[in-house]
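When you read off a place in the sequence shown, starting at 1, and then add 9, the result is the number in the numbering used here.
Some notes on the structure that comes next.
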Amino acid sequence: MWRRVLHFFYKPTKDDNLLTEFEDTLMLVVDSEQLTNNLLSKLKELASVENAFVYLVDQSGPSRTFFLVDKVSENASQLPVLAINSKIAQWFRANRQILFFERDKEVTSYLNVELQPFLDLSINLAFPLISMDRLIGIVFLHLSQESLDTLQVTNLQVLGKQAGLAFENALLFKERLRQNERMFRAEQLATMGQFAAGIAHELRNPLTAIRSTVQYLSSEFADDTDQKKLATDILGEIDRLNNIVGNLLSLAQPAESNPEEIDVPQEIKRCLNFIEAKAKSQNVKIQTDFGNNLPKLTFDQSELRQLLLNVVMNSLQAMPDGGTLSIKAHRLTEGGHDYTSGINRILIQVEDDGTGIPSNVREKVFEPFFTTKAGGTGLGLAICNSIVRRYNGEIWVEKAKSGGTEVKIALPVN
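In structure tokens:
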């Protein structure tokens, strides 16, 4: 009876209504940026928020870090990328509660090194975004008020769970779209490959015959004649066509692989030897950075070399007037293993400071026959993508900090 009486006289507070409204909007939004804007808006209504930084699990590649989604500060560039196995992430994964920097001095002291960039921006509170026992993200706040009352603390905890579930759904939706896109591209690649293979086979035999004939005729001409020069030019064009035909066949019908254990830094150095002269002629400096005790890859050496050379040559072509080519190789792990798949991986990063690739083009660079280069065939990166996926790896393109392009390749060790 008393419960009925209390329920009769109970009136929802403004904060209750805000949380209910926020929960209602969660069912309608699957975009992470829009969810972030909604979350920041609700936070400002629940407490006196001066600055807010929202970190989410990065699922765009296998690097498994938290990335800064949105902010209300011009100083956000000072903030670090948080690793999945960082002390901050481990603490929130274990405790799942609000961290008050001033009150919880023992914890703050333990996390001091990682928290310092946030302390420098007057951040005084952080709370986790949790969904189904999984840490989806972390929210860092600068509150102008000295403390929160019990109701505000409860509301923040509820908001964290609501937002965690919403972001989880958004990430799952985004991943499903990515999977569908990969399936579509795989089917597209198979169809194009079969078509290309038919054309390549029809071209290869006539090209071989034409080359033999021109080569025979060329031997009849004196070295300094126009006929000799013309024959040499024709042979060069035939070789270029043969190279295109070979790429078509490689894309459609990959050669049988012969995997062996490969030392990645050594293989990268061999590839750099091939392009060293070209790099010097373009005034391009080469920088390398390899992690210690990298495990060996089980990979076909010729395929790995083809993969690396394709990517590196693209970077060189993006810097005709000079620049810096950076190549890194590090072990990509979470507690010794990759965060999602439980497989050790090596991450190879190739970065240039050229003109860069527009965001709307980056999504298409691995499509067969797509190219922005004059005289390009659009097969190089498509072949790279095909090689990487045969080994259950991932390859993707990002904008480099320098404004150029960074290609990342994650390859399983076994």
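Note that the Cβ used here is the ideal one computed from N, Cα and C, for glycine as well.
Nothing here was measured: the structure is a model prediction, and the numbers come from that model.
- Let me know if Pro377 comes out buried or exposed under the rule of 16 or more other beta-carbons within 10 Å of its beta-carbon. buried
Query raised in the report: CA-CA distance, Gly351 and Ser50?
Result: For Gly351, the predicted structure reports a pLDDT of 41, less than 50, and the residue's modelled location is therefore unreliable. A value from the coordinates is still provided. It is roughly 37 Å from the alpha-carbon of Gly351 to the alpha-carbon of Ser50.
Q: Kindly give me the distance between the Cβ atoms of Glu360 and Gly413, rounded to whole angstroms, as I take these residues to be in contact under 8 Å.
A: Sure, about 7 Å apart at Cβ, within 8 Å.
ask   = Under the three-state reduction of DSSP, which class applies to Lys373: helix, strand or coil?
value = coil
- Query: Which residue comes first and which comes last in the beta strand (DSSP E) that contains Ile93?
  - Reply: That residue, Ile93, is in no beta strand (DSSP E); it is neither H nor E in DSSP.
* **CB of Leu65 within 8 Å of CB of Ser41, strictly** => yes
Drop a sphere of 10 angstroms on the beta-carbon of Ser228, count the other beta-carbons inside from all chains shown, and report buried for 16 or more, exposed for fewer.
-> exposed
To which residues of the same chain is Val81 closer than 6 Å at the C-beta, ignoring the five residues directly before and after it?
Residue placement at Val81 cannot be trusted, given a pLDDT of 46 that sits under 50; what the coordinates show is reported in the next sentence. Closer than 6 Å at the Cβ level, and outside the excluded window around Val81, lie Asn60, Ala61.
Three-state secondary structure (DSSP) of Val38
coil
ask   = Is the segment 322–339 close to the segment 266–283, with three or more CB pairs under 8 Å?
value = yes
Output needed for Phe230: all residues of its chain with C-beta closer than 8 Å, excluding positions within five of it in sequence on either side, in chain order. Gln236, Lys237, Ala240
message = Using the Cβ count rule (16 or more neighbours within 10 Å means buried), how would you classify Ser324?
response = buried
Q) Can you tell me whether DSSP reads Thr222 as helix, strand or coil? A) helix
(message) What does DSSP give as the partner residue(s) for Thr307 in the beta ladder?
(response) Glu270
* Asked: What separation, rounded to the nearest whole angstrom, lies between the Cα atoms of Leu306 and Ser266?
  -> 14 Å
ask   = Among the residues of its own chain, which have a CB less than 7 Å from the CB of Phe101, if the five just before and after it don't count?
value = Pro137, Leu144, Ile147
Item checked: Ser395, enclosing alpha helix (DSSP H) - first and last residue -> Ser395 -> alpha helix (DSSP H) spans 389–399.
What residues are listed by DSSP as bridge partners for Arg340? Ile355
_Using only the alpha-carbon positions, how far apart do Pro304 and Tyr400 sit?_
16 Å
*Mark Asp233 as exposed unless 16 or more other C-beta atoms lie within 10 angstroms of its C-beta, in which case mark it buried.*
Counting of Cβ neighbours within 10 angstroms places Asp233 among the exposed residues, the total staying below 16.
Unbroken stretches of the alpha helix (DSSP H), 4 residues or longer, contained in the segment 273–297: 273–290
Whole angstroms is fine: what's the gap from Gly344's alpha carbon to Gly245's? Its pLDDT being 37, under 50, Gly344 is placed unreliably by the model, and the measurement read from it follows with that caveat. The alpha-carbon atoms of Gly344 and Gly245 are separated by roughly 53 Å.
Can you tell me the Cα-Cα spacing of Thr349 and Asp129, whole angstroms?
Low confidence applies here, because Thr349 scores a pLDDT of 41, under 50, leaving its location unreliable and the question unanswered by this model.
Below 8 Å CB to CB, which residues in the same chain sit around Met10 once its five sequence neighbours on both sides are set aside? The predicted position of Met10 is uncertain, since its pLDDT is 45 and thus under 50; a value taken from the coordinates is nonetheless stated next. Answer for Met10: no residue qualifies.
Q) If you run the structure through DSSP and keep just helix, strand and coil, what is Asp361? A) strand
request  = Tell whether a beta-carbon distance below 8 Å holds between Tyr127 and Phe109.
outcome  = First, the amino acid is wrong: residue 127 is Phe here, not Tyr. Phe127 places its beta carbon 8 Å or farther from that of Phe109.
Q. Per DSSP, Arg143 is paired with what?
A. Ser140
**Study point:** Nearest-angstrom Cα separation, counted from Glu269 out to Ser368
**Key:** Going by the C-alpha atoms only, they are around 36 Å apart.
**Study point:** Proximity of Gly402 and Asn319 at Cβ, strictly below 8 Å
**Key:** no
> Is it true that the CB of Val273 sits closer than 8 Å to the CB of Ile243?
Replying inline: no
Which ranges does the alpha helix (DSSP H) cover as unbroken runs of at least 4 residues, wholly within the segment 101–186, from first to last along the chain? 114–119, 121–128
Cα separation between Gly332 and Ile392? 26 Å
Rounded C-alpha distance that separates Gln358 from Gln125: Taking the CA atoms as reference points, Gln358 sits about 28 Å from Gln125.
- Query: In its own chain, which residues sit with a C-beta less than 6 Å from the C-beta of Phe204, not counting the 5 before and 5 after it?
  - Reply: none
TODO: Spell out the partners DSSP gives Ser335 in its beta bridges.
DONE: Gln296, Glu360
task = State the start and end residues of the unbroken beta strand (DSSP E) segment that holds Thr414.
result = 414–421
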